[in-house]
Each structure stands twice: as structure tokens, then as C-alpha cells.
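J.: Residue numbers (mature numbering (1 follows the signal peptide of the UniProt record, and there is no 0)): -23 to -1, 1 to 528. Before I ask anything, here is the structure I am working with.
In C-alpha cells:
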């Protein structure tokens, strides 16, 4: 079994190499997305794809309450197993002000697979974007229905369904990685008189990466040198799993204890690891200290102000991000107790005291699955609402606790969130432990590739801290730090997304060119017995980076 897995991983790596050097005449993925309700629908993506010039039919479905409704469907033919389909359409409703419309594939008598959702409105057109991977599921149609089963009329325009083979999908990913994560470089070598030197020898090495990929760590990390070494060989970012949450730092009122957080922070400082602050407040009462829940409203207001003051006075400028309010779409403990402006006040106060930190909302089931409570449109609407009220919130957190991921729906969700122009992070990525460890690895690779290939994603954190020889849902290693399939995936991608060490010689123009991942580099150039060391950075740009060295 181990040998077969190794062969499969080698084959996939070879496929990515082959795609990067082979000509391509397939469809290019269209990242277009719209989050505003428009007076008129836009033209269909891909000219409609295989739905070009097709109008929906209407079919009778019986709801759970026994009422029969007429739903729009697109009947599908020649759906190919393993093919990836990108779906989009514009929707307008009647007989209601707004409603969550869900697009699903399957058959009315079989299991459904959610393709995507949209919070549609009356009087204007809203854009739904998603997709699915054809499997053994009986897929005979795409149908659209109202998630809360209101009796309303659904209008559809500019529908599109574009198929991609797996190879085409992977090549589109690689193209986006080349555009967003890499940059062309030309190094010029000359002598002190400015004469370019042909056949000068160069060694170029990437020493740090611009993209932040990290993992959660916990108190079990403290003093555990093998675990720390394993972490440092891989990651440039961290987040404390529980160690600055309120129930850890103040389990009883007035008894503050930052010992664990301080010890973890000492490690990340010493090793120059970027660290996120997770979290200040958690709207779920289950994770709110009991003593906090028992406070009067006025006492609660005082307590939250003290919580912010305590954290900021101790950790200002230490954390690059703060998840100020966690899971606001699903829960509302503080909003209920302190009023609808509670979140706004949290962010305003934190920003005043730690103005250089990026402040995030953090939410689950936005990108993972179709959840009518946390649709991508609801998240966008909440962010816009808070921004319009003057909130200093500048980051979008997507937890990423996945079951079986749906890659085209992940990409479509990121496309839509990207319309806000804010940095996006996948903040707590893991795969359900209901799957085998091998399947966890396969699914983790799908998620990481979708995140890394999307230009709007600035970083990814894995929710894989080891606690008492186990993890929340997904470990990367066993207790002895031997890689599991998920750890092998991480190692493979870290190597793939690294320029590594390049050796070469300048051409007849005294130049050496390459295409490198963004980050920091060191350079050694030699000619005629002379050697010089230099360093340079690759920052995001579509222009070639020119770097000159004199010997």
C-alpha cells in the first residue's frame, strides 16, 4: 500500500510538470463574479457552455410539507464521470422580497449535491456561481429551489455550465499560480566598468516565502523540541488553538493567566514566525466562559471592555491579525446581550488600541458547504454592513472545516468574496475524521490547491495542533511525528511551491533569467575567481524583476 501511494503521488507530480510545459487549447477558467444585485443580468460565462441557448424547464416537486411546487430545472445529457463543471446563472424572484435559492444536481428521487447558493431579491438580478464534480451520483438535472420553501416564482437568465477535464482544471490552477504566486526575474552580471559578463556562474536560492502557510499550535508544543523542529522545517505562520481564547486566559472572573500564550509567543518571536490572534470574542455561548454568561448586561459591557484592554495592553503589535468576533453569522450571544452595535464597538475599540493589526471576521460553512445561515452572500452582506457603519474590519476569515470538498464551488465562493477587495484567509483548514487517513490526504490536497491558486487568498492555516496525542479532526503526523498522508501532502506541496536552489550561467548578454515564487532570495555570483553574495526580494508584480550585480 505504501508503494502504491508513493507511485500515485509521483504520477500527480509528473502530471503537474507535464501540464506546465505542454500546449493547451482547452477552456480558461473565468473568475468573474458579481455580488451586487443588478438591474439587468450580465452575459453568460463561457457563452453558456453546454447550456448555450437552453431555457429551463419546470418540473413538479413535492415539498416535505406535502405541497407540490413547480421548480426550474436544466436537464443534463452526457455528463461525464470525473469531469468538473462550473455553473453560473442570474436569478430574480417574485412573491418575496428575498430568499436563498439553492442550485443542486441529481435527480428528484436521488441524493442531492449542492452546486451553489444565492441570496436572491425581487426587482433585480443576483448572480449564483458554483459547480460540481460528476461522480457516481445520478445526475440528470440541475434544479433550483428556495431553501426555506417559500412559495415564490424564480426567474433565470444567462445560465452557463462549462465542463473541464481534471487535466484542464489542474492546468488552470497552475496558470493562476504562475500569475499570482510567481514572478519573472532577470539577473544582470557585470564588472566594475559596467561590462556585462558572459558565462558568469550563479547560484540562486529562495530563503523565505511570501505566501503564509502555517498550522495551529497548542500548549503541547511548549518545550517539545522535536515537534518544534518538525514545525519549523515546514511553516512560516502559526495560530494558537485555544491559548488566547477567553475561556483559557480568564476561566474565572479576574483571574487572568497568559502563561501558555506567553510561552508560545516566545517561540514564534524567537523563530520569526508570523502569528494570528484567535480569537477575542466567540459568539457561540458554548465557548463563552460561564461566568461571562451569568453577568448582567452592564457587567458584561464592562467585562468585554476589560477583555480588550487586557489583550491589547499585553499583545499590541504582536499578532498580525485578530479574529475579533468569531462565527457571527451562526451565533449572536454578544449582539443579543449588548445590542446590534456590539460587534461594531468591538472592532472600533481593538483598532484604536492595535491600529496596525488586520481585523478579521471568521466564519464556518461559507466555503465548506451549502449552509443557508452562512451563504457567501450573507457573509458579504454582513461585511458590507459593518464596513458602512465605519468598522475597521479588513480581513475575511474562512474556517475551512471540510467534509468532502467541492473544488469548483470552493473556487466560485472565493471568486465572489474577492469582489470585496479584502484579503482572504483560510483560517482553520482540516478534513473530517470520518474519512480514512488516505482520503483525508486526497481531500486536503484539493483544498490547498484551490486556496493557493486563488489570487485573493493571502494565507492558509491548518487546524492540526497535536493535543494529548490527537488533533481536533485532522493530524499531519502520528504521535511520534511520522507523517500521515496529510503530512505527506503538505510536504509535497511545500516543495512544489518553492523555487529551491537554481544553478546556471549568464548568457551572451550577461543575464540569467528564471521564474520564481514570491519571497526572499540569496544569490552567489562568480567569475574569474571573484565571488559576490547578494540578496533580493520578489514582490507581487506582472513586470519582470531586474537585479544587477557587479563583480
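Backbone N, C-alpha and C define an ideal beta-carbon position, used for all residues, glycine too. Given the structure is predicted, the values throughout are model-derived calculations rather than measurements.
Are three or more beta carbon pairs between the region 12 to 21 and the region 101 to 113 nearer than 8 Å?
T.: Taking 8 Å as the limit for Cβ pairs, the verdict is that the region 101 to 113 does touch the region 12 to 21.
J.: Return the CA-CA distance between residue 386 and residue 299, expressed in angstroms with no decimal places.
T.: C-alpha separation (whole angstroms): 27 Å.
J.: Taking the alpha carbon of residue 537 as the reference point, which residue from 322, 33, 495 has its own alpha carbon closest?
T.: The requested residue 537 is not part of the displayed model; the chain covers only -23 to 528.
J.: Looking only at C-alpha atoms, which of 230, 252, 292 sits nearest to residue 267?
T.: Ranking 230, 252, 292 by Cα distance to residue 267 puts 230 first.
J.: Could you tell me whether the Cβ atoms of residue 503 and residue 165 are closer together than 7 Å?
T.: Against a cut-off of 7 Å, the Cβ pair of residue 165 and residue 503 comes out as no contact.
J.: Could you name each continuous alpha helix (DSSP H) segment of 4 residues or more that falls completely within the region 327 to 380, going from the start of the chain to the end?
T.: You should have 353 to 365.
J.: Using a 10 Å radius around the Cβ and a threshold of 16 neighbouring Cβ atoms, would you call residue 328 buried or exposed?
T.: Residue 328 should be labelled buried.
J.: Can you tell me where the alpha helix (DSSP H) with residue 151 in it begins and where it stops?
T.: Counting along the chain, the alpha helix (DSSP H) containing residue 151 begins and ends at 143 to 158.
J.: Can you grab the Cα-Cα spacing for the pair residue 281 / residue 262, in whole Å?
T.: One C-alpha to the other measures close to 14 Å.
J.: What three-state label does DSSP hand residue 444 in the structure shown?
T.: In this structure, residue 444 counts as strand in the three-state DSSP scheme.
J.: Pick from 121, 335, 94, 197: whose alpha carbon is nearest that of residue 402?
T.: When each option's Cα is compared against that of residue 402, the closest is 335.
J.: Counting C-beta neighbours from all protein chains within 10 Å, is the total for residue 63 16 or more, i.e. buried, or is it exposed?
T.: So residue 63 counts as buried.
J.: Please go through the same chain and pick out, in chain order, the residues whose beta-carbon is closer than 6 Å to the beta-carbon of residue 252, but skip the five residues on each side of it.
T.: 215, 245, 296.
J.: Quick test of the definition: if touching needs 3 or more C-beta pairs under 8 Å, does the region 404 to 424 touch the region 461 to 478?
T.: They touch, by the three-pair rule.
J.: Is there contact between the region 54 to 72 and the region 131 to 144, where contact requires at least three CB pairs shorter than 8 Å?
T.: Flag = yes, the region 54 to 72 and the region 131 to 144 touch.
J.: Please go through the same chain and pick out, in chain order, the residues whose beta-carbon is closer than 7 Å to the beta-carbon of residue 369, but skip the five residues on each side of it.
T.: Excluding sequence neighbours, residue 369 sits near 324, 325, 328, 336.
J.: Taking the continuous alpha helix (DSSP H) assigned at residue 438, which residues delimit it?
T.: Counting along the chain, residue 438 falls outside any alpha helix (DSSP H), though it belongs to the beta strand (DSSP E) covering 434 to 439.
J.: Please report how far the alpha carbon of residue 352 lies from the alpha carbon of residue 77, in whole angstroms.
T.: Between residue 352 and residue 77, the C-alpha separation is close to 8 Å.
J.: Please classify residue 510 as buried or exposed, where buried requires at least 16 other C-beta atoms within 10 Å of its C-beta.
T.: Classification of residue 510: exposed, given that the 10 Å Cβ count is below 16.
J.: Could you tell me whether the region 138 to 153 touches the region 474 to 489, using the rule of 3 or more Cβ pairs below 8 Å?
T.: No, they do not touch.
J.: Between the region 273 to 287 and the region 308 to 320, do at least 3 Cβ pairs fall closer than 8 Å?
T.: Judged by Cβ distances under 8 Å, the region 273 to 287 makes contact with the region 308 to 320, as three or more pairs qualify.
J.: Leaving out five residues on either side along the sequence, give the residues of the same chain with a beta carbon under 6 Å from the beta carbon of residue 434.
T.: Hits under 6 Å: 401, 428.
J.: Assuming residue 251 is part of the beta strand (DSSP E), what are its boundary residues?
T.: From DSSP, the beta strand (DSSP E) with residue 251 extends over 251 to 259.
J.: Determine the direct distance from the alpha carbon of residue 137 to that of residue 8, and round the result to whole angstroms.
T.: Taking the straight line from one Cα to the other gives about 13 Å.
J.: Hey, out of 110, 202, 182, whose CA is closest to residue 494's CA?
T.: Considering only alpha carbons, the answer is 182.
J.: By how many angstroms is the C-alpha of residue 514 removed from the C-alpha of residue 478?
T.: Residue 478 and residue 514: Cα-Cα distance of roughly 15 Å.
J.: Taking residue 36 as the reference, which of 354, 46, 224 has the closest Cα?
T.: Considering only alpha carbons, the answer is 46.
J.: Let me make sure I understand the geometry here. Which of 108, 112, 118, 73 has the alpha-carbon closest to that of residue 54?
T.: Comparing Cα positions, the closest option is 118.
J.: Among all the DSSP beta bridges, which residues are the ones paired with residue 523?
T.: Answer by DSSP bridge pairing, in chain order: 163.
J.: Does residue 333 pass the burial test, meaning 16 or more other C-beta atoms within 10 Å, or should it be called exposed?
T.: Label assigned to residue 333: exposed.
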